[in-house]
Amino acid sequence: MDLAPSTSDEALRTEVRSWLHAHLPWEYGVGLPPRFDDLADEVAFGRRWQAELAGGGWVGVTWPERYGGRGLGAAANFIVQEELARARAPELVGRIGVNLAGPTLLVHGTDQQKDELLPAIRAADRLWCQLFSEPDAGSDLASVRTAARRADGGFVVTGRKVWTSYAQFADWGLCLARTDPDAPRHRGLSMLIVDMHGPGVEVRPLVQLTGEAEFNEVVLDETFVPDSGVVGEPGRGWQVAGSTLSHERGVNPRQLVIHLQHLDELLRLARDAGAFDDDRLAARLAQAYVEVRIFQLHNWRSLSRLEHGREPGPEGSILKLYWSEMSKRLHVLALDILGAAAPLWRDAAHNPGGGSWQRAWLYYQAASIFAGTNEIQRNVVGERVLGLPREPAREEAGSARR
Ligand SMILES: Cc1cc2nc3c(=O)[nH]c(=O)nc-3n(C[C@H](O)[C@H](O)[C@H](O)COP(=O)(O)OP(=O)(O)OC[C@H]3O[C@@H](n4cnc5c(N)ncnc54)[C@H](O)[C@@H]3O)c2cc1C
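Under numbering that gives the first Met the number 0, think of the first position of the sequence shown as 0, with each following residue one higher.
What follows is the structure in structure tokens.
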């Protein structure tokens with residue numbers, strides 16, 4: 000692996016960094032004020048920011064030029080994401096469209112779907128959600144029960160989805176549904192595009208540990224999806240879903256830079272609190288430093304794979320497993336350093352960080368669940384990287400979520 004950046008990599012980094020210096024709505028490297036009081040305000044702000052970013056050509060840089068991208072490779076995308084995170088730019092509000100739905104349409108969509116849907120994704124004119132998980136189908140996604148019945152000119156969809164992030168703001172939903180109840184469970188599925196503003200779609204926000212309601216339950220009641228809204232061939236939804244989920248693995252430049260920043264802040268917090276005088280805390284701080292560095296090396300190894308034209312592969316599970324556990328350990332350490340202030344919340348006095356550490360600790364509990372739980376990642380690593388015997392209960396290759 001050659002870790003030295005090429006001249007074109009360096010030129011790209013300089014270009015995106017100077018663009019950000021000129022366009023960031025807040026001071027470079029400082030980021031948004033701590034929070035918006037209302038998620039809807041945050042989303043409205045996020046749409047404006049993403050539109051500006053797309054105007055500069057910094058959204059979907061790996062997409063073909065025909066669809067507004069720059070046709071660049073994995074390393075270039077990594078650099079852009081790193082620079083965005085370093086500038087503390089907010090995460091893309093349309094990330095489900097940009098990172099999951101868009102790449103899925105690029106591979107499996109018809110020309111009409113690509114021409115009609117892709118341009119609106121980059122500029123956040125249209126937001127997407129991922130309608131995969133159900134109350135009894137999370138890790139075991141092939142158990143999806145939402146039923147899509149054949150009708151004149153399309154399908155009529157009825158079922159219940161859950162944990163659907165940003166569904167309350169979404170215009171379109173990428174929905175895995177069962178179109179053939181008689182086929183073996185992996186073969187009777189299709190991928191459908193649901194109009195989230197259409198009749199028969201009800202979105203019910205669910206409040207998370209942080210007190211915010213980012214995800215939702217979505218009830219589909221006789222919702223019509225025309226034939227033009229089927230992605231890939233009917234009955235091949237499992238393969239299309241696999242391609243969507245592969246984009247949740249692999250490199251994670253954003254979390255890498257965020258955790259480098261968390262580490263900086265943690266060391267500052269520790270200095271201010273005198274934590275280095277406590278041998279046990281000092282040893283854990285050194286461990287946190289080492290772990291963030293190891294995460295960086297895992298990222299670079301995966302990036303090297305992608306640059307050589309290979310898929311993230313099952314090794315992508317190692318990266319997801321590693322960062323989610325590293326993050327949890329780092330945030331527990333932050334609370335231990337906060338000591339008596341750990342149970343305090345926003346607006347409390349004598350609370351270093353103003354509640355941001357407590358909020359982050361709560362938020363990162365989800366990291367070992369979303370995009371495939373850690374148990375599932377361990378199964379993947381055990382079976383597909385280490386070659387251990389398969390789990391007896393799993394009937395078919397790839398039966399679990401990822
Ligand atoms: C913040 C957040 C956002 C999310 N956003 C979305 C979204 O936008 N769209 C979407 O479709 N989904 C979303 N999800 C859902 C997420 O993908 C699922 O929660 C996840 O796949 C786990 O499924 P489950 O919750 O049904 O748990 P289950 O699959 O029921 O698992 C319960 C427990 O059993 C364990 N387990 C299950 N199977 C095995 C096995 N074979 N071997 C060992 N242990 C096992 C699990 O690890 C877990 O600990 C989101 C989740 C979170 C937390």
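We put the CB at the ideal spot given by N, CA and C, even for glycine.
Put simply, the stretch 118 to 125 does not touch the stretch 175 to 183. Fewer than three CB pairs are less than 8 Å apart. In chain order, M325 place their CB closer than 6 Å to the CB of E290, counting only its own chain and leaving out the 5 sequence neighbours on each side. Using a Cβ distance threshold of 7 Å, N215 and T163 count as a contacting pair.
In this structure, the alpha-carbon of A21 lies about 37 Å from that of I192. For L205, the beta-bridge partners assigned by DSSP are F214. Under the 8 Å Cβ criterion, the stretch 86 to 98 counts as touching the stretch 41 to 49, having at least three qualifying pairs. DSSP lists no bridge partner for L104. The stretch 314 to 321 makes contact with the stretch 241 to 249, as at least three CB pairs between them are under 8 Å. Shown here, E314 sits in coil according to DSSP, grouped into three states, outside any helix or strand. Taken through DSSP and simplified to helix, strand or coil, A10 comes out as helix. At a cut-off of 6 Å, the beta-carbon of I368 counts as near ligand 1: some heavy atom of the ligand is closer than that. Excluding the 5 residues flanking it on each side, W344 has same chain C-beta neighbours closer than 7 Å at G354 and Q357, in chain order. With respect to G158, L219 sits close: the two C-beta atoms are nearer than 7 Å. Checking the DSSP bridge columns, you'll see T222 partnered with V156. In the DSSP secondary-structure assignment, Q129 is bridged to L173.
In the DSSP annotation of this structure, V60 is not part of any alpha helix (DSSP H), being labelled neither H nor E.
T103 has its CB no nearer than 6 Å to any heavy atom of ligand 1. The stretch 55 to 69 makes contact with the stretch 114 to 122, as at least three CB pairs between them are under 8 Å. Taking a contact as a CB-CB distance under 8 Å, the pair L296 and A74 does not count as one, their CB atoms being some 16 Å apart.
In the DSSP secondary-structure assignment, D135 is not bridged to any residue. For P252, the closest alpha carbon among the candidates Q49, Q80, V58 and D135 is that of Q80. T222 has its CB no nearer than 6 Å to any heavy atom of ligand 1. In this structure, G236 sits near M190, with a CB-CB distance shorter than 7 Å. For T209, same chain residues with a beta-carbon under 7 Å away, outside a window of 5 residues either side, are R358, L361 and Y362 in chain order.
Proximity to T103 across N378, G231, N373 and Y288 peaks at G231, based on C-alpha coordinates. Across the set D226, L305 and L329, the C-alpha of D226 shows the shortest separation from the C-alpha of T109. The DSSP-derived three-state label of A39 is helix. For a cut-off of 8 Å, the C-beta gap from W299 to L2 is around 7 Å, short enough to register as a contact.
In terms of side-chain proximity, the C-beta atom of W25 is found no nearer than 6 Å to any non-hydrogen atom of ligand 1.
Annotation for D8: A74, A75 and I78 place their beta carbon closer than 8 Å to its own, counting only its chain and skipping 5 residues before and after. Just so you know, the alpha carbons of G45 and S17 end up roughly 21 Å apart.
Relative to ligand 1, the beta carbon of G137 is positioned inside 6 Å of a heavy atom. In this structure, DSSP gives M190 an extended state, which the three-state scheme calls strand. Of the candidates L173, V143, A166 and W171, V143 places its Cα closest to the Cα of R184.
In the DSSP annotation of this structure, the continuous segment of the alpha helix (DSSP H) that includes A269 starts and ends at P252 to A272. Of the heavy atoms belonging to ligand 1, at least one sits nearer than 6 Å to the Cβ of W162.
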